[in-house]
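So in the numbering used here, the last spot in the sequence shown is 176, and the numbers never skip.
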Amino acid sequence: MAYQRNRIDWYDARNRKYHGRNLVMLGFAAILLASLGISANEVLAMGQAPSTCNNRYDGTITYMKITVGHRTYYPIDDPGLSFELKNNRSYTVEFTIHTANQSSQNSTSGGTTWYDTDSPGYQIGTCVSGAAPGQDITVVYTQSHPANLAPEATQNVTWNTLMPGEITYGVKWASP
Numbered sequence: 001m002a003y004q005r006n007r008i009d010w011y012d013a014r015n016r017k018y019h020g021r022n023l024v025m026l027g028f029a030a031i032l033l034a035s036l037g038i039s040a041n042e043v044l045a046m047g048q049a050p051s052t053c054n055n056r057y058d059g060t061i062t063y064m065k066i067t068v069g070h071r072t073y074y075p076i077d078d079p080g081l082s083f084e085l086k087n088n089r090s091y092t093v094e095f096t097i098h099t100a101n102q103s104s105q106n107s108t109s110g111g112t113t114w115y116d117t118d119s120p121g122y123q124i125g126t127c128v129s130g131a132a133p134g135q136d137i138t139v140v141y142t143q144s145h146p147a148n149l150a151p152e153a154t155q156n157v158t159w160n161t162l163m164p165g166e167i168t169y170g171v172k173w174a175s176p
């Protein structure tokens, strides 16, 4: 019996040692998963990166018109522009990008241009085909209430290209 008792005590001591290691490993795993979850929530960009655009012509947004129902706004001419819109409606943005005389790959053959916006509630980049040197590319974009915003919220919207000249405006989304 004494021999059995010593063997059981040794076995329990060994298991406690492994339980301690398992708890430490479980703690590290929990911290790792939590940190991955936090960093995954910080990734808010979607769409196409500028580097994915074929023969990209960088450009500047030279014209922008926003149509809300029967009203028209020009955010380039009206810095600090803000308008109110019911959250069951949408608005249309028409803008022009004037491309450079040479692509980022030092070419003058046809290619694309690129812009990004956070109007859908997150950053989204877009390659636009049909670009050439020194050309005006017109884009028409319709935006409704972003799903990740509260039903009533004020949204600060930005539009960018890789050239200087960010365009901004505010949208106050209201309940119908």
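Cβ coordinates follow ideal geometry from the N, Cα and C atoms, glycine included.
Euclidean distance between Cα positions of residue 153 and residue 82: Locating residue 153 in the sequence shown gives position 153, where the first residue counts as 1. Locating residue 82 in the sequence shown gives position 82, where the first residue counts as 1. Each residue's Cα considered, the two are about 13 Å apart.
Whole-angstrom distance between residue 71 and residue 92, CA atom to CA atom: The residue given as residue 92 occupies position 92 in the sequence shown. The residue given as residue 71 occupies position 71 in the sequence shown. Distance between the alpha carbons of residue 92 and residue 71: 11 Å.
Helix, strand or coil at residue 51 [DSSP, three-state]: For the purposes of this step, residue 51 is taken as residue 51 along the sequence shown, with counting starting at 1. It is helical.
Any 3 or more C-beta pairs closer than 8 Å across the segment 144-151 and the segment 56-65: no
Beta-carbon spacing of residue 99, residue 54 below 8 Å: Position 99 of the sequence shown, counted from the start, is the residue given in the question as residue 99. Position 54 of the sequence shown, counted from the start, is the residue given in the question as residue 54. No; because the gap between Cβ atoms is not below 8 Å, this pair is not in contact.
Whole runs of the beta strand (DSSP E) within the segment 72-100, excluding any shorter than 3 residues: 82-86, 90-99
Cβ-Cβ distance between residue 75 and residue 167 below 8 Å: Along the sequence shown, one-based indexing puts residue 75 at 75. Along the sequence shown, one-based indexing puts residue 167 at 167. A contact, by the Cβ cut-off of 8 Å.
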